[in-house]
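Take a look at the structure set out below.
Numbering (my numbering), first residue to last: 24 to 145.
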């Protein structure tokens with residue numbers, strides 16, 4: 024193993040995701056580690072970890088695994104060709120949807136705050 028690769032345990036700690044979650048992402052092809060040791064242990068690069076963080080940030084917004092896969096595919100297309108108009112249009116749609124999901128989440132947090140305030144005053 025070289026300095027560019029990290030073991031799954033280190034990545035789990037860095038991303039606050041469980042080993043089980045990272046293994047599952049690999050098994051379903053959502054986030055596939057860039058390499059493996061001779062013994063078959065998963066090895067992740069900085070690029071892999073950045074992709075994991077994109078997925079981690081989508082989780083609280085309620086994205087399904089298939090939706091996450093779609094977002095990653097769009098980001099991959101743009102990484103290959105920044106002038107891909109179809110991918111750029113899809114990214115704009117994703118941004119709009121993410122903003123809507125964030126607003127819904129903020130509304131839920133506001134209701135939770137109101138509930139906690141009611142409990143505190145009881």
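C-beta: ideal position from N, C-alpha, C; glycine also.
*Any idea which residues DSSP pairs residue 30 with across the strands?*
Stepping through the chain shown from its first residue, residue 30 is reached at position 7. Partner(s): 66.
*Leaving out the 5 sequence neighbours to the left and right, which residues in its chain are closer than 7 Å to residue 35 when beta-carbon positions are compared?*
Here the question's residue 35 lines up with position 12 in the chain shown. 41, 42, 45, listed in sequence order.
*C-beta contact flag for residue 84 and residue 128 at 8 Å*: In the chain shown, the residue the question calls residue 84 occupies position 61. In the chain shown, the residue the question calls residue 128 occupies position 105. Yes, these two residues count as a Cβ contact at 8 Å.
*Have a look at residue 139 and residue 126 and give me their C-alpha separation to the nearest angstrom.*
Residue 139 sits at position 116 when you count from the first residue of the chain shown. Residue 126 sits at position 103 when you count from the first residue of the chain shown. Using only the alpha carbons, I get a separation of about 20 Å.
*Compare the Cα-Cα distances from residue 27 to each of 62, 104, 95, 72 and report the closest residue.*
On the chain shown, position 4 is the one that residue 27 refers to. Per the Cα distances, 72.
*Selected residue, minimal CA-CA separation from residue 53, among 61, 115, 79, 137*: In the chain shown, residue 53 corresponds to position 30, counting from 1. When only C-alpha atoms are compared, the closest one is 79.
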